Amino acid sequence: MIQIKGAVKFPITLDSTTWIFDDRKVQIEDLEQGVFDGTKPINFDDNREWNRAILEGQTNPPTLNSEIKYKRRAVLEKSFVINMTPFFKNAEPYDTATTIRLFNDKDAIDIPIELLPYLFFQFAKDGKRLYEDYSVDSFVYIPEKGYSHQFQYVTGIEVR
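Those letters in the sequence shown? Residues 3 to 162, per this note's numbering, in order.
Rendered as structure tokens:
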């Protein structure tokens with residue numbers, strides 16, 4: 003569990019164990035092709051999907067596509083990342099916030115808040131979690147510039 007705290011209206015706790023079922027996750031290979039969000043429109047050709055969407059309604063986070071993929075066992079073999087923008091949107095950083103500090107027991111890194119749309123957490127590699135305690139690795143990925151601000155073993159987040 004990783005908490006977003008500091009200059010936010012609503013401190014929230016992130017649980018990386020649930021992201022494997024979150025449709026917003028993307029494979030690293032897809033990220034490098036410019037796909038930042040894994041959600042796709044639901045294909046209503048399959049009555050089962052259509053009925054479920056009608057009966058259960060919109061879920062947040064969206065999970066229907068992931069549940070379908072899970073049946074194909076793809077999640078057990080791939081490396082996944084998730085964009086942090088929706089989580090920070092929910093935490094609502096104050097207008098005065100300028101920096102996102104990621105830290106662990108030994109080190110910290112400051113990321114300008116302007117880079118938030120490009121901030122990703124990697125939570126799975128080859129279908130396995132990265133760390134026993136479910137911590138994650140982070141990086142900024144800008145398609146034109148590549149990877150930067152890489153940081154391993156994120157255990158906390160402070161908005162400053």
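Just so it is clear, CB atoms sit at the ideal spot from N, CA and C, and this is done for glycine as well. As the structure is a computational prediction, the values presented were derived from the model and not from experiment.
Hey, quick one: how far does the alpha helix (DSSP H) through K91 stretch, first residue to last? From DSSP, the alpha helix (DSSP H) with K91 extends over 87 to 93.
How many angstroms separate the CA atom of T157 from the CA atom of K147? Distance between the alpha carbons of T157 and K147 is about 26 angstroms.
Does the segment 124 to 135 come within contact of the segment 94 to 113, defined as at least 3 CB pairs closer than 8 angstroms? No: the two stretches stay apart, fewer than three of their Cβ pairs being nearer than 8 angstroms.
Which residue marks the beginning of the alpha helix (DSSP H) containing L33, and which one marks its end? That run of the alpha helix (DSSP H) goes 30 to 33.
Is V10 helix, strand or coil by DSSP? Per DSSP, reduced to three states, the secondary structure at V10 is strand.
Straight-line Cα distance separating R26 from D39: Between D39 and R26, the C-alpha separation is close to 5 angstroms.
Cβ-based burial, I84 [other Cβ within 10 Å; buried from 16]: Here I84 is buried. Its C-beta has 16 or more other C-beta atoms within 10 Å.
Using a threshold of 8 angstroms, state whether the C-beta atoms of R131 and G8 are closer than that. Against a cut-off of 8 angstroms, the Cβ pair of G8 and R131 comes out as no contact.
By a C-beta neighbour count over all protein chains shown, 10 Å radius and 16 as the cutoff for buried, is A93 buried or exposed? Classification for A93: buried.
Since F89 contacts I6 with CB under 8 angstroms, what's their CB separation in whole angstroms? Confirmed, Cβ separation roughly 7 angstroms.
DSSP state of L132 mapped onto helix, strand, coil: It is coil, neither helix nor strand.
Beta-carbon gap between V37 and Y96 smaller than 8 angstroms: No.
Determine whether the beta carbon atoms of I159 and I22 lie at a separation below 8 angstroms. With contacts defined by Cβ atoms closer than 8 angstroms, I159 and I22 do not form a contacting pair.
Using three-state DSSP, classify P119 as helix, strand or coil. The answer is helix: DSSP assigns P119 an H, G or I state.
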